[in-house]
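Under the numbering used here, the first residue of the sequence shown is numbered 1, with each subsequent residue one higher. Using N, Cα and C, we set each Cβ at its ideal position, and we do this for glycine too. These figures come from a predicted structure and were not determined experimentally.
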Amino acid sequence: MATTGAGRFNLVRYLKDVRAEARKVTWPTRRNTMVTTGAVLAMAALTSVFFFVVDQVIGLGVRELFGVGG
(Lines of atoms letter the chains of each structure in order from A and count residues from 1; the text may use other names and numbers.)
(Lines give C-alpha, C1' and ligand atoms only; values in the text may rest on other atoms or scores of the structure.)
Protein backbone atom coordinates (compact mmCIF):
# COMPACT_ATOMS: atom_id res chain seq x y z
CA MET A 1 0.00 0.00 0.00
CA ALA A 2 1.21 3.50 -0.73
CA THR A 3 1.63 4.89 2.78
CA THR A 4 4.29 7.00 4.36
CA GLY A 5 6.01 6.24 7.65
CA ALA A 6 3.23 8.06 9.51
CA GLY A 7 0.62 5.79 7.91
CA ARG A 8 -0.79 8.46 5.58
CA PHE A 9 -1.87 7.64 2.05
CA ASN A 10 0.52 8.86 -0.64
CA LEU A 11 -1.34 9.37 -3.93
CA VAL A 12 1.80 9.89 -6.03
CA ARG A 13 3.39 6.67 -4.74
CA TYR A 14 0.12 4.81 -5.29
CA LEU A 15 -0.10 5.97 -8.92
CA LYS A 16 3.53 4.95 -9.52
CA ASP A 17 2.78 1.50 -8.08
CA VAL A 18 -0.30 1.15 -10.29
CA ARG A 19 1.72 2.09 -13.36
CA ALA A 20 4.46 -0.40 -12.45
CA GLU A 21 1.91 -3.20 -12.04
CA ALA A 22 0.20 -2.30 -15.33
CA ARG A 23 3.54 -2.75 -17.12
CA LYS A 24 3.71 -6.34 -15.82
CA VAL A 25 0.37 -7.31 -17.40
CA THR A 26 0.57 -9.72 -20.33
CA TRP A 27 -2.17 -8.65 -22.71
CA PRO A 28 -3.78 -11.26 -24.99
CA THR A 29 -3.32 -11.01 -28.74
CA ARG A 30 -6.18 -9.86 -30.94
CA ARG A 31 -6.59 -13.39 -32.28
CA ASN A 32 -6.68 -14.86 -28.79
CA THR A 33 -9.34 -12.32 -27.79
CA MET A 34 -11.45 -13.10 -30.85
CA VAL A 35 -11.24 -16.88 -30.32
CA THR A 36 -12.15 -16.56 -26.65
CA THR A 37 -15.03 -14.20 -27.43
CA GLY A 38 -16.34 -16.61 -30.06
CA ALA A 39 -16.18 -19.50 -27.60
CA VAL A 40 -18.08 -17.50 -24.97
CA LEU A 41 -20.80 -16.51 -27.47
CA ALA A 42 -21.13 -20.10 -28.72
CA MET A 43 -21.45 -21.46 -25.18
CA ALA A 44 -24.03 -18.78 -24.31
CA ALA A 45 -26.07 -19.73 -27.40
CA LEU A 46 -25.88 -23.45 -26.62
CA THR A 47 -26.85 -22.82 -23.00
CA SER A 48 -29.86 -20.72 -24.01
CA VAL A 49 -31.02 -23.42 -26.45
CA PHE A 50 -30.60 -26.09 -23.77
CA PHE A 51 -32.66 -24.17 -21.22
CA PHE A 52 -35.32 -23.36 -23.82
CA VAL A 53 -35.71 -27.07 -24.62
CA VAL A 54 -35.78 -28.01 -20.92
CA ASP A 55 -38.40 -25.31 -20.26
CA GLN A 56 -40.57 -26.59 -23.12
CA VAL A 57 -40.34 -30.19 -21.87
CA ILE A 58 -41.22 -29.20 -18.30
CA GLY A 59 -44.10 -27.04 -19.58
CA LEU A 60 -45.41 -29.94 -21.66
CA GLY A 61 -45.19 -32.22 -18.64
CA VAL A 62 -47.12 -29.80 -16.45
CA ARG A 63 -49.79 -29.30 -19.12
CA GLU A 64 -50.22 -33.06 -19.56
CA LEU A 65 -50.17 -33.78 -15.84
CA PHE A 66 -52.53 -31.05 -14.68
CA GLY A 67 -54.37 -30.12 -17.87
CA VAL A 68 -53.53 -26.44 -17.44
CA GLY A 69 -51.76 -23.86 -19.55
CA GLY A 70 -51.89 -23.05 -23.24
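Item to complete: Tell me whether the beta-carbon of V62 lies closer than 8 angstroms to the beta-carbon of V54.
Response: Counting from one through the sequence shown, the residue named residue 62 turns up at place 62. Counting from one through the sequence shown, the residue named residue 54 turns up at place 54. At least 8 angstroms separates the beta-carbon of V62 from that of V54.
Practice prompt. Look up F50 in the DSSP assignment and give the residues it is bridged to.
Written response: Taking the first residue of the sequence shown as position 1, residue 50 is located at position 50. Beta-bridge partners assigned by DSSP to F50: none are found.
Discussion item. Measuring only the C-alpha atoms, how far is L65 from F50?
Written reply: Start at 1 with the first residue of the sequence shown, and residue 65 comes out as number 65. Start at 1 with the first residue of the sequence shown, and residue 50 comes out as number 50. Their Cα atoms are separated by approximately 22 angstroms.
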